[in-house]
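So the structure is just underneath, and the comments pick up after that.
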Amino acid sequence: MLKSPFTARTRDGHVLTSRHQVGSQGAHSSTPQHWASHTFRKQTSTVRFSYIFSSKRSLFATHANDDNAAIYSEDPTLYDLAFSFRDFSQEVDFLLEAAAQRSATGKPPAVLELAAGPGRHAIEFARRGLEVVALDCEESMVELGRQRAKEAGVELKYVKADMSDFDAVPTQDGKVSLACLLLGSSCHLLTNDAIIACFKSTASVLAKDGVFVVECPHPNEVFGVGDMTGDAWDVERGDETLLVEWGREGDYFDPITQVLERTVGFSMLGKDGAVLSSREDIVKQRLSTAVEIDALARASGLQVDGFYGSMDLAIPLDMEDEAFRMVVVMRPSDGEL
Ligand SMILES: C[S@@+](CC[C@H](N)C(=O)[O-])C[C@H]1O[C@@H](n2cnc3c(N)ncnc32)[C@H](O)[C@@H]1O
């Protein structure tokens, strides 16, 4: 079984496994009946392969974003709530340290967050007084991010754009020295073409001593050899509880394109456990290996400067028990590769 490219961890660092919960009341154990009884049968791989090979276009060359997921567009607050338990301040500390280590000037960086969604990292950067640009292709996410920035009382520029098709950023000097693409958002780039287009776009606005940090699923998950993630949890909001399902056993993974069709479910329960709303989507995600990211960086005018196993400079990618993500720090190529 391929597990989620997402690992839920509590603030004290414990990994949450399937059916653990993240609500403010602590861990619970029950899974509501209606939720456990979801069924979704995949088509057989034969059907899938015949579809792919009958397609006129190249197997590996499709546009990045002809298929953005409804989970982002229809009610972006549910996505935001589902992933709100992360420690954004600690993650921003890590990103700033990664940039500072490689900075030639030591100046605070101008920051670009790609696929920023509700913009929680971007807002945290702005809180620290940095010049920040957030980018997302989804109108409703852009609106939510702008609204959240306003509520937080911070200044940031939030632009609607495709992360694989931009060539300018509205910063003072038109450059950024820290760009980031977090929480597996790179998986929305389904093909090598799309990933290279995104990396090249980013390289075009990156200062010479700038860094581009991409957080992806750990290779153990890409190859299905590790069991380090949670794929179901819940989050409380007042009297309501959001049940999140992020991947399901049997989700179809195409070994040729490396695209996983992840089942994502959001169910909101009221105080008495009654279902207030429920939705289920299939989200396509391209899973990339470490060596692919290295090669794609080289093809884009970038080079990998470090692989980490978490948003933590002290955790290398292969650190047993601690590494659970693949966090790649890239910088502009020095031309020597
Ligand atoms: C998993 S969410 C991540 C949001 C945020 N970075 C976070 O850490 O919570 C992925 C986001 O990527 C956006 N997205 C997907 N494809 C995109 C593309 N081609 N260009 C820009 N944004 C994209 C979605 O709209 C969504 O907001």
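For the sequence shown, full-length UniProt numbering begins at 1 and goes up steadily by one. Glycine is no exception: its CB is placed at the ideal position from the N, C-alpha and C atoms. Just so it is clear, the structure is predicted and the values come from calculations on it, not from any experiment.
{"query": "Coarse secondary structure for Phe85, derived from DSSP in three states", "result": "coil"}
{"query": "Bridge partners - Ile282, DSSP secondary structure assignment", "result": "Thr263"}
{"query": "Spatial distance of Thr202 from Phe212 (CA atoms)", "result": "8 Å"}
{"query": "Opening and closing residue of the beta strand (DSSP E) in which Phe324 lies", "result": "Here Phe324 belongs to no beta strand (DSSP E), and DSSP marks it neither H nor E."}
{"query": "Residue burial classification, Thr191 (beta-carbon count within 10 angstroms, cutoff 16)", "result": "buried"}
{"query": "With 16 other Cβ atoms within 10 Å as the buried cut-off, status of Thr105", "result": "exposed"}
{"query": "Three-state secondary structure (DSSP) of Val169", "result": "coil"}
{"query": "Touching by the beta-carbon criterion (3+ pairs, under 8 Å), the stretch 132 to 141 and the stretch 72 to 82", "result": "yes"}
{"query": "Sub-8 Å separation of Pro316 and Leu206 beta-carbons", "result": "no"}
{"query": "Classification of Gly270 by the beta-carbon crowding that lies within 10 angstroms, buried from 16 upward", "result": "exposed"}
{"query": "Own chain partners of Leu144 with C-beta closer than 6 Å, once the 5 adjacent residues on each side are dropped", "result": "Pro76 and Pro118"}
{"query": "Extent of the continuous alpha helix (DSSP H) to which Gly145 belongs", "result": "Glu139 to Ala152"}
{"query": "Top-ranked residue by Cα proximity to Lys157, from Asp167, Ala116 and Ile195", "result": "Ala116"}
{"query": "Endpoints, the alpha helix (DSSP H) within which Tyr72 is located", "result": "Ala70 to Ser73"}
{"query": "The beta strand (DSSP E) enclosing Thr241, as first and last residue numbers", "result": "Glu240 to Trp246"}
{"query": "Buried versus exposed call for Ile256 [16 or more other C-beta atoms within 10 Å across all chains shown]", "result": "exposed"}
{"query": "Distance, Arg127 Cα to Val291 Cα", "result": "36 Å"}
{"query": "Proximity test, Ser288 beta-carbon vs ligand 1 heavy atom, cut-off 7 Å", "result": "no"}
{"query": "For Gln147, the nearest candidate out of Asp87, Asp80 and Leu182 (CA to CA)", "result": "Asp80"}
{"query": "Range of the contiguous beta strand (DSSP E) that encloses Leu296", "result": "Counting along the chain, Leu296 falls outside any beta strand (DSSP E), though it belongs to the alpha helix (DSSP H) covering Ala290 to Arg298."}
{"query": "Rounded straight-line distance, which links the Cα of Gly226 to that of Arg248", "result": "16 Å"}
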